[in-house]
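Participant: Provided herewith is a single structure, encoded as structure tokens, for subsequent inquiry.
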Amino acid sequence: MRAVLVSTPVVSKSKPIARPLCHSVMGITLQPRPDRTAVRIACCGVLQANWQNRTMTAHLPPPPLDYSRAVHQLAALVPAGAVLSYKDVAELLGSGGARQAGKAMASAPAGTPWWRIIRSNGSLTEALAETAQRHWDEEGLAAPGRHVNINKSRWNPSNQAWEEIDALRTALGNPKMSEMDDQL
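Have a look at this one:
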């Protein structure tokens, strides 16, 4: 699609500035209107007209997923008896790092299994260790010394879980894991 812009110079103290008088798209000349509806319909493709009842409906893509919400949703996928490190979470989502994932987990809403996302050494901060220990005991994850054997308990996602992880990655604007593997 080739757009032609017809403009006229506007005199200013420093340099002349070109201001559009009309837009020509695919041979159709659009005159500017106060509401710029015609320009939005023709150029952006954002609005679609329903001329029978003279209404406009917006067809916008969904907003990108917030990183913290993606981390919380990924934590909710981890089943009881399994854990991930903050680094694992960042790698699965395809963005951020261990610290960013940890910061996101600090703001986890109620009901998020925060004790299943831990440091790479299998521990949590002292402030959370006592509460986490109770959850780990219930799920059979506890190891001596208020930590988890992460190598033994690391979550291995099912095919369905991988699809959900890929959906989270895509919602964040990152390619699916399988697409990255195909490029290797």
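Mapped onto this note's numbering, the consecutive letters of the sequence shown carry residue numbers 955 to 1138. In this text, a Cβ means the ideal position worked out from N, Cα and C, and glycines have one as well.
#1: According to the Cβ coordinates, are R1053 and S1077 closer than 9 Å?
#2: Can you tell me where the alpha helix (DSSP H) holding G1056 begins and where it ends?
#3: Pick out whichever of H1026, G1050, A1081, D1091 has its Cα sitting closest to the Cα of A1064.
#4: Please confirm whether A1081 and A1029 have their CB atoms less than 9 Å apart.
#5: Where do the ends of the alpha helix (DSSP H) carrying A1064 lie?
#6: Throw me the rounded Cβ distance for the A1044 and A1125 pair, which I believe falls under 8 Å.
#7: Span of the alpha helix (DSSP H) holding R1108?
#8: So, helix, strand or coil for S927, using DSSP?
#9: Using the three-state DSSP reduction, which class does L1122 fall into: helix, strand or coil?
#10: Looking only at DSSP bridge pairs, what is V1102 linked to?
#11: Please classify G1048 as buried or exposed, where buried requires at least 16 neighbouring CB atoms within 10 angstroms.
#12: Could you check how far apart the C-beta atoms of S1107 and A1036 are, in whole angstroms? I think they sit under 8 Å.
#13: Here's a check: name, in chain order, each residue in its chain whose Cβ is nearer than 6 Å to the Cβ of P1098, leaving out the five neighbours to either side.
#14: May I have the straight-line CA-CA distance separating E1118 from Y1021, to the nearest angstrom?
#15: Where do the ends of the alpha helix (DSSP H) carrying D1042 lie?
Facilitator: According to the structure shown:
#1: No. Outside cutoff.
#2: Its alpha helix (DSSP H) spans residues 1052-1060.
#3: The residue with the shortest Cα to Cα distance from A1064 is H1026.
#4: Between A1081 and A1029, the C-beta gap is not smaller than 9 Å, which leaves the two residues out of contact.
#5: Counting along the chain, A1064 falls outside any alpha helix (DSSP H), and DSSP gives it neither H nor E.
#6: In fact, because the Cβ distance is near 16 Å, the residues do not count as touching under 8 Å.
#7: R1108: not part of any alpha helix (DSSP H); DSSP gives it neither H nor E.
#8: Past the boundaries of the shown model lies residue 927; the chain is included only from 955 to 1138, so the question cannot be answered.
#9: DSSP places L1122 in helix when its eight states are reduced to three.
#10: Paired residue(s): A1096.
#11: By the Cβ neighbour-count rule, G1048 is buried, with 16 or more other Cβ atoms within 10 Å of its own.
#12: Contact flag correct, Cβ pair sits at about 6 Å.
#13: In its own chain, leaving out the 5 sequence neighbours on each side, no residue places its CB closer than 6 Å to the CB of P1098.
#14: Going by the C-alpha atoms only, they are around 15 Å apart.
#15: Following the DSSP letters along the chain, one finds D1042 inside the alpha helix (DSSP H) bounded by residues 1040-1047.
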